[in-house]
Amino acid sequence: MGKKKHKRKNKTGLIPGSIVYTGQKESQQLFIEVFDYKADNYIEENLSNIEDTFKFKSTDAITWINVNGLNHVDAIEKLGNHYDIHPLVLEDIVNISQRPKIDEYENYLYVVLKMLYIDTSNNDAVVSEQINFVLGDNYLLSFHESDLDIFDMVKDRIRTSKGRVRDMGADYLLYILMDTIVDHYVNLVDVLGDTIEDFESDILAGNIANDASKTILNLKREVLRARRIVFPSREVINRIEKNENNLIGKNALTFYRDIYDHLVQVCEDIDVYREMVSSLMDMYMSSISNKMNEVMKVLTIMASIFIPLTFIAGVYGMNFEYMPELKYHNAYYIVLGIMAVILIGMILYFKRKKWL
Amino acid sequence: MGKKKHKRKNKTGLIPGSIVYTGQKESQQLFIEVFDYKADNYIEENLSNIEDTFKFKSTDAITWINVNGLNHVDAIEKLGNHYDIHPLVLEDIVNISQRPKIDEYENYLYVVLKMLYIDTSNNDAVVSEQINFVLGDNYLLSFHESDLDIFDMVKDRIRTSKGRVRDMGADYLLYILMDTIVDHYVNLVDVLGDTIEDFESDILAGNIANDASKTILNLKREVLRARRIVFPSREVINRIEKNENNLIGKNALTFYRDIYDHLVQVCEDIDVYREMVSSLMDMYMSSISNKMNEVMKVLTIMASIFIPLTFIAGVYGMNFEYMPELKYHNAYYIVLGIMAVILIGMILYFKRKKWL
Amino acid sequence: MGKKKHKRKNKTGLIPGSIVYTGQKESQQLFIEVFDYKADNYIEENLSNIEDTFKFKSTDAITWINVNGLNHVDAIEKLGNHYDIHPLVLEDIVNISQRPKIDEYENYLYVVLKMLYIDTSNNDAVVSEQINFVLGDNYLLSFHESDLDIFDMVKDRIRTSKGRVRDMGADYLLYILMDTIVDHYVNLVDVLGDTIEDFESDILAGNIANDASKTILNLKREVLRARRIVFPSREVINRIEKNENNLIGKNALTFYRDIYDHLVQVCEDIDVYREMVSSLMDMYMSSISNKMNEVMKVLTIMASIFIPLTFIAGVYGMNFEYMPELKYHNAYYIVLGIMAVILIGMILYFKRKKWL
Amino acid sequence: MGKKKHKRKNKTGLIPGSIVYTGQKESQQLFIEVFDYKADNYIEENLSNIEDTFKFKSTDAITWINVNGLNHVDAIEKLGNHYDIHPLVLEDIVNISQRPKIDEYENYLYVVLKMLYIDTSNNDAVVSEQINFVLGDNYLLSFHESDLDIFDMVKDRIRTSKGRVRDMGADYLLYILMDTIVDHYVNLVDVLGDTIEDFESDILAGNIANDASKTILNLKREVLRARRIVFPSREVINRIEKNENNLIGKNALTFYRDIYDHLVQVCEDIDVYREMVSSLMDMYMSSISNKMNEVMKVLTIMASIFIPLTFIAGVYGMNFEYMPELKYHNAYYIVLGIMAVILIGMILYFKRKKWL
Amino acid sequence: MGKKKHKRKNKTGLIPGSIVYTGQKESQQLFIEVFDYKADNYIEENLSNIEDTFKFKSTDAITWINVNGLNHVDAIEKLGNHYDIHPLVLEDIVNISQRPKIDEYENYLYVVLKMLYIDTSNNDAVVSEQINFVLGDNYLLSFHESDLDIFDMVKDRIRTSKGRVRDMGADYLLYILMDTIVDHYVNLVDVLGDTIEDFESDILAGNIANDASKTILNLKREVLRARRIVFPSREVINRIEKNENNLIGKNALTFYRDIYDHLVQVCEDIDVYREMVSSLMDMYMSSISNKMNEVMKVLTIMASIFIPLTFIAGVYGMNFEYMPELKYHNAYYIVLGIMAVILIGMILYFKRKKWL
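Note that the protein sequences, when read in sequence, are chains A, B, C, D and E. Residue numbering for the first sequence follows this note's numbering, beginning at 1 and increasing consecutively. Residue numbering for the second sequence follows this note's numbering, beginning at 357 and increasing consecutively. Residue numbering for the third sequence follows this note's numbering, beginning at 713 and increasing consecutively. Residue numbering for the fourth sequence follows this note's numbering, beginning at 1069 and increasing consecutively. Residue numbering for the fifth sequence follows this note's numbering, beginning at 1425 and increasing consecutively.
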């Protein structure tokens, strides 16, 4: 497989507030989508120049600026300054190794979530992509590394005014975007769970591959990875729900509570799967021991039966001049008979021990 | 056994508040029972048309509307709108993968519990069925997938005015329905506990089947499943008991505290059984090792006794021309004697080592 | 041993507040002791008719009514009604599977504790018996299944006015009864601890019986059983101590704090013993592995020495016509010498490996 | 080693407040030291009669009465009554199985700590001795079983007015005594840690004695014992520091916080050592398995090489009349050659498998 | 490797507040750097005489006094007295076995952190060096054992007025110094993580060295060491952030929250690596068992095939006079054929068992 470890970029020694992109997608094109909507109309624009978005700030409509391409730190800094965002927030937006968190500032909320998906091109590993939200009074800024199609459905709803999105504020927009992300968590954990249950069925059916311990270790790691993302996300939503805040209206709070319930369930599922993976290791260890037992029994049975018989044959293969039995006419058959008796006795003994 | 995994329905991408049934019982008939009762009289009606229940809302009696058939989302939506229930609640009612929870709204409580039973037709697996309650000022709506006979006793009590149910409010009705559910938890955990204790006795008596680790894994999984349902249920009751609320009267609170005590006990029992199952795995592993030890001892004894004897026989089976012992008249008997001495010595050695 | 599992009585479906005895001692005689005492005098009566106790309620002395025989639900119900006890409390009193708990009502406290003792007639199992207390302003009701001699000392103190019991209120009486129960916990845990330490010494001295894992499992279970009783008892006392309450006077609180300290210590001891039992299992598993190692070494040494020698003997037992060595006069002795060298070499090799 | 278990004295059934010595040192002489000091002068007296200490109560100096000999319950009771100490405190003082705790009374604090030391005469076991403190407004009473030299340095400081002890109150005196005790904890844990690290180095270097599991179990027990004393001590200091209290002045609080920091560190060290001991057991188990593997390899190699060769020799040792190979002149050498080829082939095979 | 254990200096029995250096670097030169800066100018001086720093106290600029050489206790005491620092703080500054902590005094904060680095000259062990900070209103004192180059970048920023350091107070200076330390934690944990993941890949690829358990134990210990430093550091920052305090301004608090986020992430990473190391041990144990299984299979196959064949050869090697088969012309070939049949049968049997 080789080691294709993603070497983290070293930020040590930089001035705090230095806005440095820490990801790998250096060549991503900057791509900016703007939705500026009210209940009765909406504007959609696709831009590649950050200054073109500035005009939307002064509208009384809800403005959603969706920035793809965290490598364009200059543009992000300009946008941030225009919206008066703290430099530390800008630093965090482009530092893709953030954990899910929420920071409350006077005029806006900064929320980091992680999109989780299974990378089929890389051993079905669980991969995460950071999504940053800045929620202001009537605007929402979102930042991520690459074009994400997971928000397409939300865009459609704004365009067609499906659901209540056009009638509500930026807080509700943030909610449906987060809800979309959490729905993906649910799917991912379902897929993980199915994999674990299939594997468990295999083990229960006795089909234990030699590299089962690798599979178990891999499953454990995937579950741990998902856990690292989902558990702090729960805390993020919990803080939104608990600390009442002018930016999140009372109407929207009910919806955030709904996401919270989903996340609690996902967290519980993850912990159940985690415990199941641990049990699988126990199961696997006991199956190895059982196999060893079986191997040892075969050896013991074969050796215990034939070693004594071979000894008897050895005795009558000795070349002493005076061995009276050798002369008896039926001695050979008698000895063969004795051997047969020993053989049958041994087999019965092992049968009684339930080794056969 | 095959994989008959219940593939969850994918809800990703739906508009929040979309009311979509996520269960398997698509063809369930809609069946609605209505009890409208006061201390001195009661009305019982079985309906299949949701509009027929609307008239009961305006009565000053306590109204219990028991809806069987979560697949009939339209009817549920109509009823919900009639009672002014939040769309997210309606969404949760028909989404059968909810965990036990309580959501407090201004005029009503939404409570999800899970009925637990052992499905004898499916390997004695622990199966759960979601039961939704909406408790209003003088009404209680309950929703579940199929006809449940567990509420029959409650219905009888309303009919015959047994106990105090007819004298108290909808909060007490909710209590006795929950109490019935929790009583089933108690039974289920007792059955699980008996199974575990029987199995433990078997292992202690040395009757260890080859597939014991499968049984242990299965028991563990059943205990975990029950735990996932019962523990959040405890939290639900705790929140009812703690957060005083207009909908639950002071009189009824004492009764909810009683359910809470039961649930605490069930939770403790579950954790004890969980620990016992873990101990069983240890026990089982040590029994495998002990068996292996026994097998190895048999092999070692047989090999250690007969291999040296066979060697001696081999020596006197050599064909050298000049082997003076071969000529001695009693050499054969002397060698046999030496062999007997070695044999007895070996046996005594193993006896002293307590291997025999 | 057979399965003499105590099948729990099924209470499912009963009306809440149904007073049903759930124990086994159906034929227990009803036996009521009454102590009605003040600092300067006391009355003691042994009754079998519950109505005879009613007269004591109106006295201004402290009244202790000690009821033996939970199977007499009618009498308990009458007494409960006379003292105006909530039906749920009466239900709990006769339901012997309660866990230790405290319920606070307006005019009285309901406390459940469990007496713990070792049943020598049943494999030294740890057995518990439920003791119910109802503490009112100047009365204490206690209920249990059978005559308990553990309270004899307390009765003596009332009779002889030893200590301060006659000078203080019902809260102090409850304290000394609880203190007696907790003293028994201390003893029981000491006995368990001694058993575990003896067993540990045995294992450390190498005396490991084949059924050691059973003993360990049994010890673990006993510790768990004690834990299930003692830990919630600690919470009960803690709640008495914390939530100041009119029924427990300030003077008595100091004493309850003392019980609490004892219980904390018992809890810690239990957790230490629990950890020691877990270590014993590790210890036992390592001893099994060590034994197996020893067995394997014996086998390996015997086989490694004699199999090559037998091979050499086999070579010179071949019947080829032209085998020049066979004719040499000293060939036999040379071969024997070579065999001796191999033998000694092997022994030295195993000595160096520390296998001998 | 024999069982020299210290049988606890049974206090069950005694009247609460009974002052009964529960230790072993029944014949300890009563020995009382009194220090009565102010900034500018001090009195030191060694007494054996408790009444002689009464006169110091009325002085306006700080009085420290250090009582050696808990078996003299009468003297302790007299002193207690003179200082108006609650009987439960007196009971606890002479009951040496207390855990570290603090009880706050109106006019005094009762503190129990445990001195920890390693008993070199008893297998280097960790032994504890109870030290009781009663801190009043301007007095400190201390009680312990035997003469402790650990307080000598403190006495010297009072005598020589070294440090600030003479300038501060009884709260500071209690602090330096506790500080001395905690310093001994630090030492003890360092010694335990060194032992564990030495043992770990041994195991890492491959020097694993057969009784390593005993050593590990012993180390684990010592760590657990220290833990049982040190952890509740931390809580004691924490409560002193947190709950502001008239008896502990603001100046002294800074010093108690310092002890608290030390104790937190000791607790952490203990938990690290505990985890290291657990790892040692894993390490040891894996080393046993590795050894077994090595034993098995030797056996397998010897048997796999020589058993086939012996079979070939056996074939040509058969006595059939017509076995043409036997007549060929070079057959013997050819067979020997074939055997050599098999031998070398086997060795190469095991080399490739890395078993040799 | 030998035991080069760092013997802790024993401080037992010293007067509290005794300022005693507990480290090893006794011969370190005293080296003092002073930065006295405002937005528009700064002074930098390198001194070796502590009194030379006193003049900076009265300036209205921000003063940073960086003291290298904890062995110079006199100088530190003088500086401490000049700034009116509590003796216990001075004691802690030179006692290098402090854990990370924060102590709040009226006019200053005392903070202990630990620098973590990997000592490549000592088996890549994780080594820590204590760094003490005393933060006053407009000064910051820092103390450590030896010259640390990790602060060079900070010094440069003061000199060149890069970033906002010159515009803000001493609280911000403390922040950037701490941030530098925490950045080193991040690097260290990344290096540890890479080592663990490389090792895991090796094990997954089957390259398991014999001393893998040593490596695992070592990794575990390193992770534990890092954990002991990083976790209390998180609490330190948390307390700075939570307890609002005059010394840390509102502006700086946002920055401390940023460090806190970093530390939370480092803590999570450490716990993930800790769990991964535990899994590695399981993995390793299962790989040992698998290897043993393989060894046993080879032995069992060889022995099971050739022992019966050798027995047959033995039978026809017996010297009975009357053994009719010996005379048959083709008997030899028939027996060889039977042997071949047995051989093939055995091979097929083991193939079916998947042992071959």
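Positions of the beta carbon are idealized from the N, C-alpha and C atoms, including for glycine.
With fewer than 16 other beta carbons inside 10 angstroms of its own, R1583(E) counts as exposed.
Residue-level contact by beta carbon fails for R1681(E) and chain D, as no gap is shorter than 8 Å. With respect to the 8 Å criterion, R969(C) and D1171(D) are classified as neighbours on the basis of their beta carbons. The beta carbon of V298(A) sits closer than 8 Å to some beta carbon of chain E.
By the Cβ rule, the stretch 1713-1720 of chain E does not count as touching the stretch 240-253 of chain A, because fewer than three pairs are nearer than 8 Å. Of the other Cβ atoms in all chains shown, fewer than 16 fall within 10 Å of the Cβ of I700(B); this residue is therefore exposed. For T1022(C), at least one C-beta of chain B is nearer than 8 Å to its own C-beta.
By the Cβ rule, the stretch 1408-1423 of chain D does not count as touching the stretch 1456-1468 of chain E, because fewer than three pairs are nearer than 8 Å.
In the displayed model, I248(A) falls within coil according to three-state DSSP, outside both helix and strand. Following the DSSP letters along the chain, one finds S1451(E) in no beta strand (DSSP E), marked with neither H nor E. A Cβ of chain E is located within less than 8 Å of the beta carbon of A303(A). DSSP places D508(B) in no beta strand (DSSP E) but in the uninterrupted alpha helix (DSSP H) bounded by D508 to T516.
Look at M339(A) here: in three-state DSSP terms it is helix.
With its beta carbon less than 8 Å from one in chain B, N1031(C) belongs to the interface. The C-beta of G1026(C) comes closer than 8 Å to at least one C-beta of chain B. Chain-ordered, the chain B residues with CB closer than 9 Å to the CB of N290(A) read N566, S569 and I644. Collapsing the DSSP output to three states places K683(B) in a helix.
When DSSP assignments are scanned along the stretch 440-471 of chain B, the uninterrupted stretches of beta strand (DSSP E) that are 3 or more residues long and fall wholly within it turn out to be 457-460. Per DSSP, A125(A) is one residue of the beta strand (DSSP E) stretching across A125 to L135. Close to M641(B), with beta-carbon spacing below 9 Å, are these residues of chain A in chain order: D282, M285, S286 and S289.
In the DSSP assignment, T63(A) falls within the beta strand (DSSP E) that extends over I62 to N68. Distance from V1690(E) to V1615(E) at the Cβ level is roughly 12 Å; contact not present, criterion being Cβ atoms closer than 8 Å. Interface residue (Cβ-Cβ distance to chain B less than 8 Å): A837(C) is not classified as such. In the structure shown, L1208(D) falls within a strand segment according to DSSP collapsed to helix, strand and coil.
Among the CB atoms of chain C, one or more fall inside 8 Å of the CB of L560(B). For Y175(A), the uninterrupted alpha helix (DSSP H) run begins and ends at A170 to L204, by DSSP. Contact with chain E is absent for A226(A), since none of that chain's Cβ atoms lies less than 8 Å from the residue's Cβ.
F1018(C) sits in a helix when the DSSP states are folded into three classes. At a beta-carbon threshold of 7 Å, the residues of chain D lying near Y1034(C) are H1397 and Y1400, ordered along the chain. Pairing F845(C) with L1156(D), the inter-Cα distance amounts to about 24 Å. Taking C-beta separations shorter than 6 Å and ignoring five residues to either side along the sequence, A209(A) has no partners in its chain. A residue is called buried when at least 16 other Cβ atoms come within 10 angstroms of its Cβ; F1122(D) does not meet this threshold and is exposed. Judged by DSSP secondary structure, L759(C) falls within the beta strand (DSSP E) whose first and last residues are Y754 to L759. Separation of the CB atoms of L682(B) and Y672(B) is rounded to 7 Å, and the pair is thereby assigned contact status at 8 Å. In terms of beta-carbon proximity, I888(C) stays away from the interface with chain B, with every pair separated by 8 Å or more.
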